[in-house]
Structures are given as C-alpha cells and as structure tokens.
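**Q**
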Amino acid sequence: MKKTNIGVAAARCRLRGSQKELKGQGPMVYLMRRDVRVDDNWSLLRCQEEARPVRVVHVVEESHPTYRLAWFYAKGLEDVQNGLKKLKIPFDTVPDIKSLNDYFVEIDPSGIVADMHTLREFDLKPVIDMCNKQKLPLWEVDSYNVIPVWETSDKQEYAARTIRSKINKKLDQYLTDIPPTSSNTQDLKGYGKEFNAIEMLEERWKQSNEIHLRFTPGTNAGREALEEFLSSLAIYDKLRNDPSKDATSNLSPWFRHGHLSKQRAAYAARKSKGSSDGFIEELVVRGELSENFAFYNKDYDNLNGGPAFGKKTLEDHRNDKRPHTYSYEKFENGATHDQLWNAAQKQLVKEGKMHGFMRMYWAKKVLEWTQSPEQAIEFAVRLNDTYGLDGRDPRGYNGILWSITGLHDQGWRERPIFGKVRYMNYDGCKRKFDIQSYIKQYLK
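According to full-length UniProt numbering, the sequence shown is numbered sequentially starting from 1.
1. With a Cβ-Cβ cutoff of 9 Å, do E50 and L22 count as a contact?
2. Taking the alpha carbon of K440 as the point to measure from, which residue in D390, K346, M424 and L407 has its own alpha carbon closest?
3. Strictly by DSSP, which residues pair up with M28?
4. Taking the alpha-carbon positions, what's the E435 to G310 distance?
5. What are the boundary residues of the alpha helix (DSSP H) that includes V127?
6. Distance check for T152 and N82, CA to CA, integer angstroms please.
7. Less than 9 Å separating the beta-carbons of Y103 and D177?
8. Assuming the contact rule is C-beta atoms closer than 8 Å, T405 and F295 should be a hit. Round their C-beta distance to whole Å, please.
9. Using a Cβ-Cβ cut-off of 7 Å (strictly less than) and excluding sequence neighbours within five positions of W402, which residues of its own chain qualify?
10. Going by DSSP, which residues form a beta bridge with residue 446?
11. Distance check for F379 and Y361, CA to CA, integer angstroms please.
12. Helix, strand or coil for R164 per DSSP?
13. Would you call the CB atoms of R12 and V141 closer than 9 Å?
14. Give the secondary structure of E140 by DSSP, where H, G and I count as helix, E and B as strand, and everything else as coil.
15. Would you mind stating whether I400 and V421 have Cβ atoms separated by less than 9 Å?
16. I think E291 touches V149, with their Cβ atoms under 8 Å apart; what is that distance to the nearest whole Å?
17. Helix, strand or coil for L443, going by three-state DSSP, please let me know.
18. Quick check: the Cα distance between K86 and Q207, rounded to an integer number of angstroms?
19. Can you pull the DSSP bridge partners for L15?
20. Leaving aside the five residues before and after residue 445 along the sequence, list all residues of the same chain whose C-beta is less than 8 Å from its C-beta, in chain order.
21. Going by DSSP, what residue range makes up the alpha helix (DSSP H) through Y361?
22. Hey, how far is the Cα of F279 from the Cα of L226?
23. Give the straight-line distance between the Cα atoms of R256 and L389, rounded to the nearest whole angstrom.
24. Cutting at 7 Å between CB atoms, please list the residues of its own chain near E157, excluding the five before and the five after it.
25. Do V139 and R16 have their CB atoms nearer than 9 Å?
26. To the nearest angstrom, report how far apart F91 and G258 are at their CA atoms.
27. Write down the C-beta distance between C131 and Q19 rounded to the nearest angstrom, noting that I regard them as a contact closer than 8 Å.
28. Quick one: grab the DSSP three-state call for G419.
29. I need the DSSP call for M200, collapsed to helix, strand or coil.
30. What distance in whole Å lies between the Cβ atoms of K365 and W341, which are believed to be in contact at a cut-off of 8 Å?
31. By DSSP, does E106 sit in helix, in strand, or in coil?
Structure below.
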C-alpha cells in the first residue's frame with residue numbers, strides 16, 4: 001500500500017523494538033494512553049499515514065484516588081469514543097497491559113503506534129516485549145509536546161534559561177497547524193463491548209452520579225475554554241500571578257487528560273490578537289522543561305530528583321526546629337494556622353485546581369510545617385495527585401520539587417529549615433496581591 005503524506009514530522013516518531021517493517025495487511029493500531037482526543041493528535045495521524053484502516057485501543061486505568069478524577073477520566077474516554085465512531089474508527093478497551101497481548105493476537109495488526117508518556121507507570125517496555133514476540137513494529141510518537149521531548153534536548157536541563165534557547169531554535173519548525181483526522185474507508189468489526197462510563201464508575205466506585213465542576217471533560221469543553229481565554233489574552237501577562245484575579249488560562253485539566261492539544265493552544269495563541277509571548281513561555285518553555293525533567297529523571301516525585309545544592313542544604317537543616325508541624329489530615333482539611341494556605345488547599349479540593357502562584361507558597365509551607373523534606377514531598381505529591389484534575393503530571397511534580405528542593409532554581413540566602421532553597425512567606429504575598437480577597441473566595 002502506498003503511504004499517505006500527512007506531514008507527521010519524522011523526528012516526532014521513534015521506532016521502538018526490533019521490528020522495522022509492517023506485518024501483513026491488517027489495520028494499524030493506535031495505543032492511546034496520554035492523548036485522549038480525536039483531533040490534533042499526531043499519534044493517530046501517524047497511523048493514518050500507512051494508508052490502512054485504523055483502530056484505537058486503550059488500557060483502562062483503575063488507580064484513581066477520588067471519584068471526581070475517575071469521573072473526569074471516564075467521561076473523557078466516552079467523548080473520544082463518540083468522536084471516533086463518527087470517523088468509523090473502532091475504540092477498543094482492555095482491562096490491563098497484559099490483555100494487550102491477546103488483543104494484538106485477535107486483531108492481527110500490521111503495526112502499532114503508542115503516544116509518548118514521561119511517567120514511570122507508562123513505561124513502554126511491556127508493550128515493546130509483546131511487539132517483538134509478535135514481530136510487530138512499534139512507533140512511539142510525542143503528540144503531547146509542541147517539540148518532541150527527545151528533540152528538545154538529549155539530557156536533563158538545568159533551568160528554564162538553559163532550555164529556552166533550544167526551544168526557541170525549533171519552535172517555528174514545530175509550532176504549525178495540525179491536519180484533520182480522516183475517516184476509515186471501511187468498517188471494522190468491534191472488539192468486545194463499547195466503553196460505558198456509567199458502567200465503569202458503578203463497577204469500581206459503586207456510584208455514577210454526574211459531577212458539576214468548573215471544568216467539563218472532553219475536547220469540545222477544552223476548546224471552548226481555550227477560546228474564552230484567548231479573548232482575554234491581553235490581561236494575561238499583567239494579572240496571571242495575582243491569585244485574587246482569574247487571569248490564568250485554566251487549561252491544565254484538559255492538557256493533563258489529553259483532551260486538548262498544547263500545540264493547538266499555542267498555535268491559536270500565536271494567531272490571536274493579543275500578545276502570546278507570556279503564554280508561550282508558560283505553556284511551552286516551562287511546560288516542556290517539566291517534561292524534560294520527568295523524561296530524563298525518574299525520581300521526579302521524590303527528594304532524589306532534586307538538585308545537588310538543594311539536597312545538601314536541606315540535609316544541613318534537617319534537624320532545624322519547625323514552628324508548626326501538621327499531620328496529613330490537617331493539611332488535607334485545610335486546618336493549619338495560616339488562612340492563606342488553607343484557602344489554597346480549599347481551592348484545590350473544591351475546584352480541582354490551584355492557582356499557580358499559590359501552589360508555590362502552598363508547597364513551601366508544607367516543607368516548613370512537616371518533619372522532613374521527604375515527608376513534605378510525600379504530602380504535597382499526595383495532596384496534589386488526590387485532588388488536582390491536573391495532578392499525576394510532570395508539571396505538578398516539577399512544581400513541587402522546585403518549591404521544596406530548588407529544582408530549576410538557584411541558591412538563595414541561607415535561613416532555617418529551607419537552607420538555600422528560595423523562601424516565601426505570608427507578608428511577601430500580602431505585598432504582591434490582595435490576599436484577603438483570595439481568602440474570602442475559598443474560606444466562607
């Protein structure tokens with residue numbers, strides 16, 4: 001069959017495993033893991049380049065710490081299933097990674113494409129082993145980042161200033177429009193029953209009630225939020241670091257769940273009337289610095305992932321007296337002595353997202369009010385991953401280690417507990433924004 005030239009950059013794809021040629025005449029299979037969307041998806045487009053029918057398979061995740069996260073996830077899968085159905089592309093689900101082996105045997109594909117994921121639990125090795133045994137070629141495609149993570153840099157970058165020039169050199173090459181996804185030209189029979197969000201939620205959570213959130217799952221909702229944000233892009237640079245205002249993009253839940261393409265958001269921002277420099281810096285430079293960190297450092301969620309100076313200075317101050325110490329439950333309930341911190345925690349629990357500026361203050365105070373740096377990281381990660389719709393993501397882990405260990409930062413004046421890690425306090429926040437206005441929004 002003659003390939004279709006869709007325009008997927010070769011550098012966005014990397015061949016994994018030992019097989020290089022397509023096997024037989026079967027369909028291409030896209031193993032959808034991170035990029036849960038039909039449009040603006042380079043992995044799906046890479047499958048369609050082979051000019052064969054395509055089907056999508058997803059390994060259903062069970063490890064959701066709260067019903068709210070499970071609901072957002074399940075509704076996202078239902079949304080993508082409905083979108084694929086319109087294009088005659090089957091959406092198959094399997095209960096675990098091991099089940100993929102039997103799925104591949106039954107479907108008899110000619111090749112596999114998997115989207116890139118930086119987190120440890122999504123290591124492709126089990127899939128590579130399956131494909132090698134079945135003599136199937138496997139391509140990994142970075143559909144998440146604007147610039148493929150392995151193209152931006154071949155090592156862990158030290159800071160934003162070291163990765164910025166590398167990104168800027170390649171940004172125009174990669175920040176392009178994305179072609180539309182095509183329909184299958186022939187019908188493919190189904191595999192098992194259709195995915196049903198209500199059934200999944202009832203089976204695993206014994207409930208299936210709708211949740212009314214500020215953030216609605218699915219690509220359409222993400223695109224609507226993007227359009228709304230771009231209409232007020234002019235105030236972004238001025239007000240984005242003021243937690244009492246609502247001037248950030250608030251797109252992270254859709255990025256995190258793969259419902260919205262970062263490349264689409266950045267491309268649309270560049271085409272809009274307002275200045276997009278600040279948004280591009282935050283989304284691409286800072287965001288892809290986080291991806292770089294998690295890709296090259298698998299200790300991204302613990303103290304070992306911190307920089308040498310941070311680990312040493314925290315060790316030097318390990319035994320410093322803490323002004324307060326709180327249990328995990330006290331933190332979780334927003335029951336500290338600090339109303340500003342409590343408001344940030346309440347925002348996270350209530351909305352599923354915390355303002356970026358407050359996240360720094362929030363994490364640094366967890367360091368100050370726990371018994372050790374290890375406990376601080378453990379508590380911060382657990383809280384963020386439990387309640388954040390944008391949790392369990394490199395951006396969150398990067399932010400926590402920046403706040404607690406000085407990752408991607410420099411040494412500052414030494415002080416108790418923090419050592420040379422950058423310090424933040426209540427009075428400093430008071431000088432930057434109207435803290436009472438912020439507190440009143442979440443502590444009523």
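Think of the CB as a built atom: it goes at the ideal place given N, C-alpha and C, for glycine as much as any other residue.
**A** The answer reads as follows:
1. yes
2. K346
3. V54 and G111
4. Note on residue identity: the sequence assigns Ile, not Glu, to residue 435. Going from the Cα of I435 to the Cα of G310 covers about 29 Å.
5. K125 to K133 is the extent of the alpha helix (DSSP H) around V127.
6. 34 Å
7. no
8. Rounded, the Cβ-Cβ distance is 18 Å, inconsistent with contact.
9. H408 and D409
10. The structure shown does not extend to residue 446, since the chain is modelled only from 1 through 444, so no value can be given for it.
11. 14 Å
12. Shown here, R164 sits in a helix according to DSSP, grouped into three states.
13. yes
14. strand
15. no
16. 5 Å
17. coil
18. It is roughly 29 Å from the alpha-carbon of K86 to the alpha-carbon of Q207.
19. L15 pairs with W139.
20. Residue 445 lies beyond the range of the chain shown here (1 to 444); nothing can be said about it.
21. In the DSSP assignment, Y361 falls within the unbroken alpha helix (DSSP H) covering G356 to E368.
22. When rounded, the separation of the alpha-carbon atoms in F279 and L226 is 12 Å.
23. 8 Å
24. I163, L289 and N292
25. The amino acid occupying residue 139 in the given sequence is Trp; Val does not appear at that position. Result yes, Cβ atoms of W139 and R16 sit closer than 9 Å.
26. 16 Å
27. 7 Å
28. strand
29. helix
30. With a Cβ gap of about 5 Å, W341 and K365 count as contacting.
31. helix
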